[in-house]
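Residue numbers (the numbering used here): 422 to 635. Here a beta-carbon is modelled for each residue, glycine too, at the ideal position from N, C-alpha and C. Here's the structure we're looking at; comments come further down.
Written as structure tokens, this is what we have:
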């Protein structure tokens, strides 16, 4: 069966393979270092077919960014946090965020790449900005319920809590090799994950909860 026939029979399947191959390639070599030939090889197709579906590397890169952000936001919205108490919901959100970053290192590498590019491509995508609104909406609901119940402090800002959670999750993945080599060379990967996961939960809850005297 020729490549053209495959495309006609399953164009969406081919596009998914290309996006998957592009994610691996961009995560490994960055936006500027990645080549369409490498992406095509990962997708078991040809450079011509990559160009046919996405026109150029920049369009494909933006598509990959949109896909990875959509995936993490869908994961979060599927946690059914609204049915939990504010404390349980906040704990669950932090734990799941941490676990997601650990299990999706290519997502983190792609985010680092885009930051090195100073957000050049993410700023071109209105879809990513719309998708990521759900992250703050989920967190805002948890905080609002906790504030109404007198559990969480009133002064806390949703964006600051999101930044706190992200900072620990991101740091564990993006800095784990250098940090462990410098400060905790004897720790196993499992021990680092356990400690940093608990740190993320503890730091977040202490930041948002009222103290007993308040």
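To the nearest angstrom, how far is the alpha carbon of residue i from that of residue j?
| i | j | result |
| --- | --- | --- |
| residue 440 | residue 462 | 12 Å |
| residue 457 | residue 482 | 11 Å |
| residue 625 | residue 507 | 12 Å |
| residue 523 | residue 594 | 6 Å |
| residue 472 | residue 492 | 24 Å |
| residue 611 | residue 530 | 21 Å |
| residue 525 | residue 486 | 13 Å |
| residue 609 | residue 541 | 37 Å |
| residue 618 | residue 453 | 33 Å |
| residue 501 | residue 623 | 21 Å |
| residue 537 | residue 550 | 19 Å |
| residue 436 | residue 633 | 55 Å |
| residue 477 | residue 469 | 10 Å |
| residue 570 | residue 513 | 19 Å |
| residue 606 | residue 627 | 28 Å |
For residue i, does the three-state DSSP call read helix, strand or coil?
| i | result |
| --- | --- |
| residue 469 | helix |
| residue 630 | strand |
Going by the beta-carbon positions, is the gap between residue i and residue j smaller than 9 Å?
| i | j | result |
| --- | --- | --- |
| residue 638 | residue 489 | Shown here, the chain extends from 422 to 635; a query on residue 638 therefore has no answer. |
| residue 552 | residue 494 | yes |
| residue 555 | residue 498 | yes |
| residue 534 | residue 448 | yes |
| residue 438 | residue 466 | yes |
| residue 592 | residue 604 | no |
| residue 586 | residue 557 | no |
For residue i, which residues of its own chain have a beta-carbon under 8 Å away from its beta-carbon, when the five flanking residues on both sides are left out?
| i | result |
| --- | --- |
| residue 629 | 511, 564, 567, 573, 574, 577, 582 |
| residue 446 | 455, 456, 459, 460, 463 |
| residue 496 | 517, 521 |
| residue 451 | 534, 537 |
Residues in the same chain with beta-carbon distance under 6 Å from residue i, minus the five sequence neighbours each way, listed in chain order, please.
| i | result |
| --- | --- |
| residue 434 | none |
| residue 621 | 515, 519, 589 |
| residue 475 | 481 |
| residue 631 | 574 |
| residue 442 | 460, 463, 464 |
Report the option in the options whose CA atom is closest to the CA atom of residue i.
| i | options | result |
| --- | --- | --- |
| residue 615 | 517, 569, 541, 599 | 517 |
| residue 548 | 436, 470, 484, 619 | 484 |
| residue 584 | 560, 500, 538 | 560 |
| residue 597 | 633, 613, 580 | 613 |
| residue 545 | 504, 479, 451, 432 | 479 |
| residue 504 | 557, 562, 436, 606 | 562 |
Which residues in the same chain have their Cβ closer than 7 Å to the Cβ of residue i, if we skip the five residues on either side of it in sequence?
| i | result |
| --- | --- |
| residue 543 | 486, 535, 549 |
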